[in-house]
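> My questions will all concern the structure given below.
Next up, the structure:
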């Protein structure tokens, strides 16, 4: 049993619990830092085209949906 009574099991802490605007602000700082450092990945036109073709396809093989 948990010692925290009256809570539904979700945490009020961490990145996922932040509002979306705050998440975007923090994530963009990381992206800018990576570009300044030179470690950020930049897509080539070919990679971007392949990603666009892939679109909404399932990302995992062998996964079954719960139908």
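Numbering (my numbering), first residue to last: 96 to 162. Where is the CB? At the ideal position from N, CA and C, for every residue including glycine.
(1) State the DSSP-derived secondary structure class of residue 118, mapped to helix, strand or coil.
(2) Contact check, residue 147 vs residue 135 under 8 Å by CB: the rounded distance?
(3) Quick check: the Cα distance between residue 128 and residue 122, rounded to an integer number of angstroms?
(4) Residue 115 to residue 137, Cα distance in whole Å?
(5) Can you tell me whether residue 107 is helix, strand or coil according to DSSP?
Looking at the atomic coordinates:
(1) Taking the first residue of the chain shown as position 1, residue 118 is located at position 23. In this structure, residue 118 counts as helix in the three-state DSSP scheme.
(2) The sequence position of residue 147 within the chain shown is 52, counting from 1. The sequence position of residue 135 within the chain shown is 40, counting from 1. Wrong, their Cβ atoms sit about 20 Å apart, outside the cutoff.
(3) Working through the chain shown from its first residue, we reach residue 128 at position 33. Working through the chain shown from its first residue, we reach residue 122 at position 27. Cα to Cα, the separation comes out at about 10 Å.
(4) To locate residue 115, count along the chain shown from 1; it is residue 20. To locate residue 137, count along the chain shown from 1; it is residue 42. For residue 115 and residue 137, the distance between alpha carbons rounds to 24 Å.
(5) As a working note, residue 107 is residue 12 in the chain shown. Note: residue 107 maps to coil in three-state DSSP.
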